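FYI, the numbering for the sequence shown is 4 to 339, going by our numbering. Even glycine gets a Cβ: it sits at the ideal position worked out from N, Cα and C. Predicted model only: the values in this text are computed from it and were never measured. Here is the structure we will look at, set down as structure tokens.
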Amino acid sequence: MRATARKVLVRSRWSLLVLDLSTKFRFGERRQWTLKLLKGSMAEQTVADILRKVQRIQIVANRSVNDLLAGQYRSVFRGRGMEFDEVREYQPGDEIRTIDWNVTARAGTPYIKRFSEERELTVMFLLDVSASGAFGTGQQSKLDVMVEMVALLMFSALKNNDKVGLLLFADQVQNYFSPRKGQANVLRLIREMISLEPVARETSLDHALQFLNRVQKRRSVVFLVSDFQTAASRQALAVSNGRHDLIGITMSDPRERELPDVGFINFRDAETGEIVEVDARHPRVRELFRQQAAQRAEKNSQALRRAGVDELAISTTEPYVHSLRRFFEARERRFR
Numbered sequence: 004m005r006a007t008a009r010k011v012l013v014r015s016r017w018s019l020l021v022l023d024l025s026t027k028f029r030f031g032e033r034r035q036w037t038l039k040l041l042k043g044s045m046a047e048q049t050v051a052d053i054l055r056k057v058q059r060i061q062i063v064a065n066r067s068v069n070d071l072l073a074g075q076y077r078s079v080f081r082g083r084g085m086e087f088d089e090v091r092e093y094q095p096g097d098e099i100r101t102i103d104w105n106v107t108a109r110a111g112t113p114y115i116k117r118f119s120e121e122r123e124l125t126v127m128f129l130l131d132v133s134a135s136g137a138f139g140t141g142q143q144s145k146l147d148v149m150v151e152m153v154a155l156l157m158f159s160a161l162k163n164n165d166k167v168g169l170l171l172f173a174d175q176v177q178n179y180f181s182p183r184k185g186q187a188n189v190l191r192l193i194r195e196m197i198s199l200e201p202v203a204r205e206t207s208l209d210h211a212l213q214f215l216n217r218v219q220k221r222r223s224v225v226f227l228v229s230d231f232q233t234a235a236s237r238q239a240l241a242v243s244n245g246r247h248d249l250i251g252i253t254m255s256d257p258r259e260r261e262l263p264d265v266g267f268i269n270f271r272d273a274e275t276g277e278i279v280e281v282d283a284r285h286p287r288v289r290e291l292f293r294q295q296a297a298q299r300a301e302k303n304s305q306a307l308r309r310a311g312v313d314e315l316a317i318s319t320t321e322p323y324v325h326s327l328r329r330f331f332e333a334r335e336r337r338f339r
């Protein structure tokens, strides 16, 4: 059997393509390479499984914090500003503008106010738990990597004695944990992330950011962690970044950027369950898929840049600790 000028619609969490396949091909024995959700949802784990994962993540995160990120976290994230420290007598060379005239008038000699930088931070993590995160062609899914990386950053915040909070979202906010201090809080948040079940609904980054702005009045460092299959509006990003120090962590898998030449592929929409089939043997199909993926990634990056939001790109097949270290170093250079 032969087919000519066949139109194929490929709709997935990562692309929407209409392809004109004018090349003739034969249907015979077909090689199928299926992209699907990884089996074994997080909700099916036992308590023992969750505790083992928490312990492993804690060991890995603490090692990374101590060996690779020591000092960098503290140097690139600043506190709310300057807080009053003390009043002392004026000394030659002190800035005249720091004189406390009330104390000076009472004491009869000049006194100045001293300030120090407030180091305590509030750190919020906005984690996308939509079903597209359960996809991955390496040893870990996107969601697995996101959870581990968030845990690492949580332990960095813990070491700096910062408050840590968590917001889980998909099409709407699934759960919100207000910022608190302490190791018990961090371990609890990690358990919540590990035990969650991906939500089969389309992501809304805007809803998550709007909710954050309503509940978090104090300026915070905010990590928006998502695969950005649905883009956030520039306005939502700009408003949130004006109130907080917003960092976008964009998660991806290599197979979302490029199709392999393996014949027929079944695509399953992780959030609707829709399945479509495409013949990946055609170079034009693979090229259009690659172009669409590149355009989507660039569109997301542009939206973040225009809103003044720093982007940290992470892949499931690359060590995220190295990416974090490069990101910290770049921010540190900018703050000098």
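Item, Value
"Pick from Arg309, Gly111 and Leu169 that is closest to arginine 194, judged by C-alpha positions", "Leu169"
"Neighbour-count burial assignment, lysine 220, 16 or more Cβ in a 10 Å radius", "exposed"
"Per-residue DSSP class, three states only, for asparagine 188", "helix"
"With 16 other Cβ atoms within 10 Å as the buried cut-off, status of alanine 110", "exposed"
"Separation of glutamine 232 from phenylalanine 270, as counted between CA atoms", "15 Å"
"Classification of methionine 45 by the beta-carbon crowding that lies within 10 angstroms, buried from 16 upward", "Note that methionine 45 scores a pLDDT of 45, beneath 50, so its modelled location is shaky; the value from the coordinates is reported in the next line. Buried, because 16 or more other Cβ atoms sit within 10 Å of the Cβ of methionine 45."
"Chain-order list of residues whose beta-carbon lies under 7 Å from that of leucine 192 (same chain, five-residue window excluded)", "Met157, Val167, Leu169 and Phe180"
"Per DSSP, the bridge partner or partners of threonine 320", "Answer is none; threonine 320 lacks a bridge partner."
"Distance between serine 318 and leucine 40 (C-alpha atoms, nearest Å)", "Note that leucine 40 scores a pLDDT of 38, beneath 50, so its modelled location is shaky; the value from the coordinates is reported in the next line. For leucine 40 and serine 318, the distance between alpha carbons rounds to 17 Å."
"Closest residue to valine 224 among Gly251, Arg237, Ser207 and Glu301 (Cα-Cα distance)", "Gly251"
"Proximity to threonine 107 [Cα-Cα], best of Leu262, Arg100 and Glu92", "Glu92"
"Strand pairing of arginine 91, partner residues [DSSP]", "Ile115"
"Buried or exposed by the 16-neighbour rule on C-beta atoms within 10 Å, applied to alanine 333", "exposed"
"Beta carbon proximity, histidine 325 to chain C, threshold 7 Å", "Considering every chain present, this structure includes no chain C. It has just one protein chain."
"DSSP beta-bridge partners of threonine 206", "BP columns for threonine 206 are empty, so no partner."
"N- and C-terminal bounds of the beta strand (DSSP E) containing valine 265", "Where valine 265 is concerned, there is no enclosing beta strand (DSSP E), given that its DSSP letter is neither H nor E."
"Residue burial classification, lysine 302 (beta-carbon count within 10 angstroms, cutoff 16)", "exposed"
"C-beta atoms of arginine 237 and arginine 309 nearer than 7 Å", "yes"
"Residue span of the beta strand (DSSP E) that contains glutamine 177, given as start and end", "176 to 183"
"Bridge-paired residues (DSSP) for threonine 101", "Per DSSP, none; premise fails for threonine 101."
"Inter-residue Cα distance where the pair is threonine 140 and aspartate 256", "7 Å"
"Any alpha helix (DSSP H) of 4 or more consecutive residues that is wholly inside the region 207 to 234", "208 to 218"
"Simplified DSSP assignment, three categories, for phenylalanine 138", "coil"
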